[in-house]
Every structure is written in structure tokens, then in C-alpha cells.
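Participant: Structure provided below as C-alpha cells; questions to follow.
Numbering (the numbering used here), first residue to last: 10 to 468.
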């Protein structure tokens, strides 16, 4: 038989498993919010515990909390940050109450472990109290968004590292394929020649912009409203605590954090998360467009473009023998679709804030963390399982350039647009190359033609 302890809150008494480090408020939230089936992201747990540690240190320095209680809470936080008691964070990632449930889950776990360290029994909050001690000088309304920013910073940094490796792979392909010419296409019709080197360099440039945006976003998110408590006015927090909480949090997290100049603004307005979600969406859109290109260029192998070969990763059909599908670009497309949907949710949640607080941070973080996690994982797979092993079918590309009507564009400066268009129509109708028609009509000498239609010069 499982044993219980009795805990009380504003609603009444509840039995809590005797070995649990969470308490009655966490238990009620666990029962109320059976929504996503997903626990809060580990980076978010880490961030909120770092805040609890920094708050305990700061309150100790301000002599607001007794040193032995501070030391016990700091030890409890260090143990959680080392990976202990994570299964006691039981609140669903999607929850009502602007994050109060998760904040109290953290407060209760820290308090109960600190109680044990001090020789007491879990649930004896006369020793260490979740609100009076673990939450001292704080409110969910400054803790929750600050933890979200810290977690997002770390997830962005992981994405940046993945993007840098991905970009290196693109740059390597650009060098390998620098002299291989293919037909460019606009609106799915033949255009003019381009080299694979130029195509992959263009992909690389777009990824570099994503990296730049992500690095700027890290700076944007480094401004916190810690010290503002409920609505940014700092009510209940000691003045020394308000002054020192962010510097101490910077030391605990090893991040360059700063306190918002206007804590009321920083508590009310979450536009920074719309910005971050937007640039994550922009990155996803870039990668998805790149995936579309690769799927088209690899189409075939006999009846499509067949310009490139993607690494064969798995059987492509349960019925068609030998079929290999572009599964890696396809999964990148799907990641992008999901990120675009998450961005809409985040935008609406930020817009829905009212007066002094936005109550919808849980869904913002749920979506944003998912977007960053799937994007980062997708980039890693895209790099190792697609780009690095990609090859080019040079003979097919060379033949397409020679057969293309689009190369007639290079003749416009010499024979004019109208004559060039007439030649293009004739070559298309008679199923001949542009070069053949030009030679037959003796419009330009062979030597001059060789110079004009040199693919290397055309790019």
C-alpha cells in the first residue's frame, strides 16, 4: 500500500505520496491539466531551478532568509541541476494560470528537498516554505518568462551550432560542384545556365542570415524582468534583492543577462517571443524551400530531372520494388509546416495578453521549444543524411544545357530579342538544339557561337 502525507492549500486538504518531493499544488495541477501528455522541457526545468538558486543566494545576501535555509535550498537546486528529482516535475507543459502551477512545482520540490537536508520530513513547511522561502522576492510573473527566455537562449545556441555545421557542408558542396553547369529554371520553365556551385553558395548565404538572426535573438532574450514580481513594480521584494538578482542569475547560468529598464513593460509585453518565433519560421521556410529544390533535382531516377542523387536511406515503397524516396527533405518540409503553425499560435498568444500580464506563456513556450527542438534535430539529420552524401549527375546536366532553349538568351545582345525568340520557337518546333538552328541559318560563325554559348561564360 502506498503511503501518503496530508498537505493543505487554499482549496483544502489532499493526500500526497509520502516519498514525493512535489506537494499539494503540483498534484492539483497534475490532475487539472491532463492536456498534452508532455512534461515541461528539461531546459525549462533547469532554467527555473537556476532562478530559484540565484534567488536564494540573493535573499541570503540581503539577509531576508536565514543562512542555513539558503544553504539547504542552494544544495537542493544543485542536486536538481545534476539530474536528481526530475520525475517530481509532474505538471503538464500546457497549463492554465500563467505558469503558476509549474512555478509552484519547482518551489515545492526545492523546499521538500531542503527540508530533508535540514533533517525534517517532506511536507513540514514550517522548516522551509514553498512560498515564503523558495519563492521569496519572486512571482510566477517574473520567474516564468525569465525561465522561458533562458531556456530559449540555450535552445537557440544549439540551433546555431547545428546551422554552422550545416553551412559548412553547403560550402563544401559549393566548392566541389563549382564548375558543374546545369540549367536554371524559373517558374518551372527553362531559364539560363547556372552552376551547382552558385546554387549551393546561395543556400549557404541564406543559412548565414539565419545564423545572424539567431545570434541577435540571443541578445534580445537576455533582458529579463526578474525583480518585477507580480506586475513589474517589485512589490514584496527587498530592494537589495531587486538590485542583485539578475547579476547573481548571470553567475549561476553563466549567461550574459541584464535587467529590463522598465520592469512593467517587460512583464506585460512578450513581443520578443513573436520575434524569435518569426526568425525560427524564416529559417524553417528557407530549409523547406531548399528541400523542395533537392526533391525536384533528384526526381526520377529515369523520368524526372535526375540532376542530383540523394543518399539512399530506406526503401521507398511497400509495393514498388527498388523505389527510393527523398525522405530527409520530406521530413524537413514537415518540420517547417509544424513550425509555421506554432508561429501562428505564439503570435496569437502574445497578442492575447491583457493589461498587466500575459496568461498564455505556457502555450508560447510549449510551441517555441518544440519548434527549436525539431528544427535543430532536423538540421542535424539534413546535414549528415542528405547534404554530405549528395552527388551530381554531370552528364545529364551537360546534356540538358546543350538541349535547352533557354541558352538563346545569351544571343540577345548580338541578334536582338525578336530574332532570338524566333530561333527559340523554331528549335522547339523542329526538336533541334539552338546551336544546330544557328549553324543551319548561318547567322553567327561557328567560332563566335562557341564563345557566346560557352556555359562557363554564361554563368
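By construction, the Cβ of each residue, glycine as well, lies at the ideal position given by its N, Cα and C atoms.
1. Report all residues from its chain with a CB closer than 8 Å to the CB of residue 184; omit the five preceding and five following residues, and keep chain order.
2. Here's the rule I'm using: 16 or more other beta-carbon atoms within 10 Å means buried, otherwise exposed. How should residue 223 be labelled?
3. From the DSSP output, which residues share a beta bridge with residue 48?
4. Hey, quick one: how far does the beta strand (DSSP E) through residue 311 stretch, first residue to last?
5. By Cβ distance, which residues of its chain are closer than 7 Å to residue 84, with the 5 residues on each side in sequence left out?
6. In this structure, what does DSSP give as the bridge partners for residue 204?
7. Would you mind sorting residue 82 into buried or exposed? The rule is 16 or more other CB atoms within 10 Å of its CB.
8. Just to confirm the assignment, what range does the alpha helix (DSSP H) spanning residue 120 have?
9. Could you tell me whether any non-hydrogen atom of the ligand HEM is closer than 8 Å to the CB of residue 273?
10. Cutting at 6 Å between CB atoms, please list the residues of its own chain near residue 326, excluding the five before and the five after it.
11. Count the C-beta pairs between the region 139–147 and the region 361–372 that are closer than 8 Å, then say yes if the count reaches three, no if not.
12. On the CB-based measure, 16 or more other CB atoms within 10 Å of its CB, does residue 376 come out buried or exposed?
13. Among the residues of its own chain, which have a CB less than 7 Å from the CB of residue 372, if the five just before and after it don't count?
14. Three or more C-beta pairs under 8 Å: does that hold for the region 287–305 against the region 259–274?
15. Please return the same chain residues whose Cβ sits closer than 7 Å to the Cβ of residue 178, not counting the five positions on each side in sequence.
16. Would you kindly work out how many angstroms separate the C-alpha atoms of residue 164 and residue 135, rounded to a whole number?
17. Going along the chain, which unbroken runs of the alpha helix (DSSP H) with 4 or more residues stay wholly within the region 38–84?
18. Looking only at its own chain, which residues have a Cβ that is under 6 Å from the Cβ of residue 356, when we skip the five neighbours before and after it?
19. Count the other CB atoms within 10 Å of the CB of residue 260; is the residue buried (16 or more) or exposed (fewer)?
20. Enumerate in chain order the residues of its own chain whose CB-to-CB distance from residue 400 is below 6 Å, with the five nearest sequence positions on each side excluded.
21. Can you tell which of 247, 431, 106, 405 has the C-alpha that lies nearest to the C-alpha of residue 70?
22. Does DSSP classify residue 223 as helix, strand or coil?
23. Could you spell out where the beta strand (DSSP E) holding residue 259 opens and where it closes?
24. Are residue 180 and residue 210 closer than 9 Å when you measure CB to CB?
25. Taking the alpha carbon of residue 100 as the reference point, which residue from 35, 336, 176, 215 has its own alpha carbon closest?
26. Would you call the region 152–159 in contact with the region 40–58, where contact means no fewer than 3 C-beta pairs closer than 8 Å?
27. According to DSSP, simplified to helix, strand and coil, what is residue 431?
28. Taking the alpha carbon of residue 214 as the reference point, which residue from 253, 190, 423, 172 has its own alpha carbon closest?
29. Roughly how many angstroms lie between the CA atoms of residue 79 and residue 147, to the nearest whole one?
30. Can you tell me whether residue 8 is buried or exposed? The criterion is at least 16 other CB atoms within 10 Å of its CB, across all chains shown.
31. Pick out whichever of 351, 404, 402 has its Cα sitting closest to the Cα of residue 381.
32. At what residues does the beta strand (DSSP E) containing residue 13 begin and finish?
33. Round the Cβ separation of residue 387 and residue 340 to the nearest angstrom and send it over; I've been treating them as touching at under 8 Å.
34. What's the C-alpha gap between residue 50 and residue 38?
35. For residue 197 and residue 314, what's the separation of their Cα atoms in angstroms?
Facilitator: Let me spell this out:
1. Residues 206 of the same chain have their beta carbon placed closer than 8 Å to that of residue 184, with the five preceding and five following residues left out of the count.
2. The residue in question, residue 223, is buried, as its Cβ has 16 or more Cβ neighbours within 10 Å.
3. Residue 48 is bridged to 101.
4. From DSSP, residue 311 is part of no beta strand (DSSP E); its letter is neither H nor E.
5. Hits under 7 Å: 126.
6. Residue 204 is bridged by DSSP to 190.
7. Buried.
8. Boundaries of the alpha helix (DSSP H) harbouring residue 120: 109–126, taken from the DSSP string.
9. The ligand HEM is not among the ligands present in this structure, which contains no ligands whatsoever.
10. These residues qualify, in order along the chain: 332.
11. By the criterion of at least three beta-carbon pairs nearer than 8 Å, the region 139–147 is not in contact with the region 361–372.
12. So residue 376 counts as buried.
13. In the same chain as residue 372, and ignoring 5 residues on each side of it, the C-beta atoms closer than 7 Å to its own belong to 103, 354, 358, in chain order.
14. With contact defined as three or more Cβ pairs closer than 8 Å, the region 287–305 and the region 259–274 are not in contact.
15. Counting only Cβ-Cβ distances below 7 Å, and skipping sequence neighbours, we find 392, 396, 397.
16. Distance from the CA of residue 164 to the CA of residue 135, rounded to the nearest whole angstrom, comes to 38 Å.
17. Along the length of the region 38–84, whole alpha helix (DSSP H) runs at least 4 residues long occupy 51–70, reported in chain order.
18. Contacts found: 283.
19. Counting other Cβ atoms within 10 Å of its Cβ, residue 260 stays below 16 and is therefore classed as exposed.
20. Same-chain partners within the cutoff: 318.
21. Taking the Cα of residue 70 as reference, the smallest distance to any Cα among 247, 431, 106, 405 is reached at 247.
22. Three-state DSSP puts residue 223 in a helix.
23. Not the beta strand (DSSP E): residue 259 falls in the alpha helix (DSSP H), residues 248–262.
24. For residue 180 and residue 210, yes; Cβs fall inside 9 Å.
25. Comparing Cα-Cα distances from residue 100 to each of 35, 336, 176, 215, the minimum goes to 35.
26. Taking one beta carbon from each stretch, the region 152–159 and the region 40–58 have 3 or more pairs nearer than 8 Å; the two touch.
27. Three-state result, residue 431: helix.
28. Ranking 253, 190, 423, 172 by Cα distance to residue 214 puts 172 first.
29. One C-alpha to the other measures close to 15 Å.
30. This structure leaves residue 8 out entirely; the chain is present only between 10 and 468.
31. Of 351, 404, 402, the smallest CA-CA separation from residue 381 is found for 351.
32. Where residue 13 is concerned, the enclosing beta strand (DSSP E) stretches over 13–17.
33. With a Cβ gap of about 7 Å, residue 387 and residue 340 count as contacting.
34. Going by the C-alpha atoms only, they are around 17 Å apart.
35. For residue 197 and residue 314, the distance between alpha carbons rounds to 11 Å.
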